[in-house]
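Read the structure below first, then the notes.
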Amino acid sequence: MQDEDDILSMRHHLVNWLFTPLYLLLLFSTVTGYISALKLSNQPYDLVLVEKARLAASRFDLLAGGTSPSEAEIFPDGPGNLHYALFDQQGKLLLSNAILPHPRPADWAASGPQLRNTTLGEQKLRLLSLRFHASHGTIGVDYILMLAEPVQDRLALGRNILASIVIPQFIFILIAGLAVWIGFKRGFEPLEKLRRAIARRRVDDLSPLDETMAPAEIRPLIQEVNLLITRLKSMMEQQKRFVANAAHQLRTPFAGLRAQAELAKREKDVPPAIRTALDGICEGAGRCSRLVTQLLTLVRNEPAAREGIAMQPLDLRRIAREAVSQWVPEAVSKNIDLGYEGSNLQLPVFGDEHALRDLIDNLLDNAIRYSHAGTHITLITGYEHGAWLRVEDGGPGIPPAERARVFDRFYRVSGSGQAGSGLGLAIVNEVAQHHRAQVTIEDTASGEGVAFHVRFPHHAA
Amino acid sequence: MRILIVEDDEVLSDSLIRAMIAVGYAADHIADGERALVMLLDGCYDLAILDLNLPRMDGLMVLRQLRAAKRSLPVIILTARDSVNDRVNGLDLGADDYLTKPFSLAELEARVRALLRRGQGGGGTLLTCGNLVFDSVGRRVSVNGEPVELSARELAVLETLLFRQGKVVSKDHLIESLCAWGEEVTPNAIEVYMHRLRKKLEAGCVVIRTVRGLGYLMDKA
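If you read the protein sequences in the order shown, they are chains R and D.
Residue numbers for the first sequence follow this note's numbering, so the first one is 1 and each next one is one higher.
Residue numbers for the second sequence follow this note's numbering, so the first one is 1001 and each next one is one higher.
What follows is the structure in structure tokens.
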């Protein structure tokens, strides 16, 4: 199923081309989403941190003469997970619960709260420095409060935000992919239909393909295929015409040759030597013409020439009886008893009548040609999982070693002493193959001669 | 008797002309289908031997036009095509007989003789085989000139065999030909008639052969 693979691979191709960019897009949006999620998650925590710092600063401010502030005064509820450090204007550490970096000059210069990331040991921290003015007493003094918060919560929020962005995106891409897949399947359906229509075609059907079945994109292709079919058809017709004309062109000269020789033989006082020669000419013309007939029958039954010949339900019994009837006079002239045996029921076969006649005619012709005078030839028919026919003759038989080869063209059994063309059984073989029939060479029940057995496939009448 | 031979192969037509003249007919020859039709329509011919593959006009077309013009002269088709269709076509179009090339001159002469006799209206009543003569109008049979007594059914069987002499006549066909008598005829009865006919016609140099599984064939001994 070459074409099916191609359709599949084409589908894969398209899907790959769509999914790779989509996947890269997802990766890109995950990275950017992560960055913006971190930024977003920092904002609320930073606001809270600033608020906490301002609250702590204002509490410190409220302490009159707060020269030695205590943690409980600034953080009445305790510092929680916060680390803090309070510096005065001289950079002296007044109060802390952790070793936080000293304020930088920029922190003293800044008017608002400054935020940055830092680490304390293994811990990642968000560090806030807030410069504030405490006005206890008369002299106002600036202080800096450093507040540091571990980043775990922010990261957790960031991850939550990221997840809320990426998961829907991933689902969206899955759905998009599924839609694309279904779309392709739908899109390829006309092609698949076309493929099935072609596969269902009979071998001999040379009618053009139906263009309307195909989508617009495929139509030019179908038109080309149809052109090809048309050319093929005309070639086959030419071949058939050639076969028919060749028959005429070759047989007419043989007829002339034979008639002239016969006329010459009728002349009075023909010397015996010339009479023998004329007999030879007559016989030669007859053999040539038989060879031509056989060759043409063979060509006619070859697959190329058979195209366009319809197979139909036939009764093998009728065809066999007609054939035997026609060969009886020939058998009688050779003193051979030709007969028919078989049931009186119809024997359904599906085939080409002309070709089946070629098959039976050649079996009978061979049998009569090679049988000895005074012997019997019988055509037997029957039905067993399909119609069968069998020709038993009274000839010299065919040695088992040669049985496989007798169907070869121009092969003749050695020592048969007969002027056969060597084509009769090749014709039988061609016709049998065309009808999916099996031909075997068997011994006869009597042990004399040989039996050709042809089994046709079952055909319901 | 004037015969027109329409054949474009010179060697063959030459031998046909010589053969026809030798047996006492006047024979003309033409190689071209169109002119053959004109000559045949002139109406001075008693029989035509017509090849199928001809220049200018196909033999079947010549035959069709001839029959369309209500000319009933006997026509023997010479065909080189062995396809059954061609033969059936020819006979359907009104050919009286056909011969497949190559044929023996004796065969052609016999067919010509038979057709010309039928054309004269003399051939229809007397059927012969060997020394046997069957008068199908007077329902009489003679062997070597001596009348032979046959029953009506035996006559019917003999007539059927004589009409197709040299060819196989199936038992079914014989039974059908007897059915006109309004009685059941069994295959065994046919065998009985054959037995009797063989005995009564022994002297006539005719033989009724039994063809196994098919029927009978009547021929000169």
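Using N, Cα and C, we set each Cβ at its ideal position, and we do this for glycine too.
8 Å Cβ cutoff met for residue i and residue j
i	j	result
Leu389(R)	Leu316(R)	yes
Ala1106(D)	Ile1077(D)	no
Met1218(D)	Val1206(D)	yes
Arg357(R)	Ala323(R)	yes
Pro1055(D)	Gly1033(D)	yes
Arg154(R)	Tyr45(R)	yes
Ala1027(D)	Leu1040(D)	no
Val431(R)	Leu359(R)	yes
Glu211(R)	Ile222(R)	yes
Leu1132(D)	Arg1153(D)	no
Gly1166(D)	Pro329(R)	yes
Thr252(R)	Ala1080(D)	yes
Leu347(R)	Thr375(R)	no
Ser343(R)	Val1168(D)	no
Alpha-carbon to alpha-carbon, residue j and residue i
i	j	result
Tyr23(R)	Thr30(R)	11 Å
Ile161(R)	Pro69(R)	40 Å
Pro190(R)	Arg200(R)	15 Å
Met1001(D)	Ala1036(D)	18 Å
Thr463(R)	His354(R)	This structure gives no information on residue 463(R), because the portion of chain R shown stretches from 1 to 461.
Ala451(R)	Leu1214(D)	20 Å
Arg300(R)	Val243(R)	7 Å
Leu1016(D)	Arg1067(D)	24 Å
Leu257(R)	Pro1102(D)	9 Å
Gly158(R)	Leu174(R)	24 Å
Ser207(R)	Leu14(R)	33 Å
Ala401(R)	Asp1014(D)	50 Å
Glu448(R)	Val349(R)	30 Å
Lys268(R)	Gln260(R)	15 Å
Gln96(R)	Ala134(R)	Sequence check: residue 96(R) is Ser here, not Gln. Going from the Cα of Ser96(R) to the Cα of Ala134(R) covers about 18 Å.
Gln312(R)	Gly351(R)	5 Å
Gly1123(D)	Asp1097(D)	Low local confidence applies: a pLDDT of 48 at Gly1123(D) is under 50, so the model's placement there is unreliable, and no value is given.
Arg59(R)	Glu71(R)	11 Å
Gln239(R)	Leu232(R)	11 Å
Met1061(D)	Lys1070(D)	14 Å
Ser130(R)	Asp142(R)	Looking at the sequence provided, one finds Leu at residue 130(R) rather than Ser. Their Cα atoms are separated by approximately 10 Å.
Leu1108(D)	Leu250(R)	20 Å
Phe456(R)	Thr440(R)	12 Å
Glu1149(D)	Arg1118(D)	27 Å
Span of the alpha helix (DSSP H), counted from its first residue to its last, around residue i
i	result
Gly91(R)	Where Gly91(R) is concerned, there is no enclosing alpha helix (DSSP H), given that its DSSP letter is neither H nor E.
His102(R)	Element bounds for His102(R): n/a, residue is neither H nor E.
Ala1019(D)	Glu1010 to Ala1022
Ile1003(D)	Looking at the DSSP string, Ile1003(D) is not in any alpha helix (DSSP H); the run it does join, the beta strand (DSSP E), is Arg1002 to Val1006.
Leu115(R)	Note, Leu115(R): premise wrong, no alpha helix (DSSP H); beta strand (DSSP E) at Gln114 to Leu120.
Asp1042(D)	Gly1033 to Asp1042
When the options are compared against residue i, the one with the closest alpha-carbon
i	options	result
Ala53(R)	Leu26(R), Arg126(R), Lys39(R) and Gly121(R)	Arg126(R)
Leu49(R)	Phe452(R), Gly395(R), Phe87(R) and Leu115(R)	Leu115(R)
Asn1053(D)	Ile1017(D), Tyr1045(D), Val1006(D) and Ser1170(D)	Val1006(D)
Asp77(R)	Ala56(R), Pro150(R), Ala85(R) and Gln90(R)	Ala56(R)
Ala98(R)	His133(R), Leu62(R), Tyr143(R) and Glu149(R)	Glu149(R)
Asp408(R)	Pro400(R), Gly397(R) and Asn429(R)	Asn429(R)
Gly280(R)	Lys265(R), Glu341(R) and Asp269(R)	Lys265(R)
Asp107(R)	Thr119(R), Leu86(R), Ser96(R) and Gln123(R)	Leu86(R)
Gly1138(D)	Asn1144(D), Gln1065(D), Val1038(D) and Glu1159(D)	Glu1159(D)
Glu283(R)	Ser129(R), Pro272(R), Thr297(R) and Ala255(R)	Ala255(R)
Ala1189(D)	Ala1203(D), Lys1200(D) and Leu1174(D)	Leu1174(D)
Leu379(R)	Arg1064(D), Ala1221(D) and Arg1212(D)	Arg1212(D)
Arg385(R)	Arg369(R), Gln438(R) and Thr276(R)	Note that residue 385(R) is His in the sequence shown here, rather than Arg. Checked all of Arg369(R), Gln438(R) and Thr276(R); the closest Cα to His385(R) is Gln438(R).
Pro396(R)	Ala214(R), Thr20(R) and Ile377(R)	Ile377(R)
Ile427(R)	Glu442(R), Ile441(R), Asp443(R) and Phe410(R)	Phe410(R)
Pro113(R)	Glu392(R), His458(R), Leu128(R) and Val270(R)	Leu128(R)
Met146(R)	Leu298(R), His102(R), Pro168(R) and Ala37(R)	His102(R)
His435(R)	Asp443(R), Gly424(R) and Val454(R)	Val454(R)
Opening and closing residue of the beta strand (DSSP E) in which residue i lies
i	result
Leu1050(D)	Leu1047 to Asp1051
Gly447(R)	Note, Gly447(R): premise wrong, no beta strand (DSSP E); not H, not E.
Met146(R)	Val141 to Pro150
Gln312(R)	Gln312 to Asp315
Glu341(R)	Asp337 to Glu341
Lys1220(D)	Gly1215 to Lys1220
Gln123(R)	Gln123 to Ala134
Ser1170(D)	Val1168 to Ser1170
Arg1209(D)	Val1206 to Val1211
Open item on the list: For a minimum of 4 consecutive residues, which ranges assigned as the alpha helix (DSSP H) are wholly contained in the region 1082 to 1165 of chain D?
Closed with: 1084 to 1092, 1105 to 1119 and 1152 to 1163
Task: Every unbroken alpha helix (DSSP H) within the region 354 to 427 of chain R, with a cutoff of 4 residues, ordered by chain - done: 400 to 403
Task: Length at least 4, wholly inside the region 217 to 287 of chain R: the alpha helix (DSSP H) runs in chain order - done: 219 to 266
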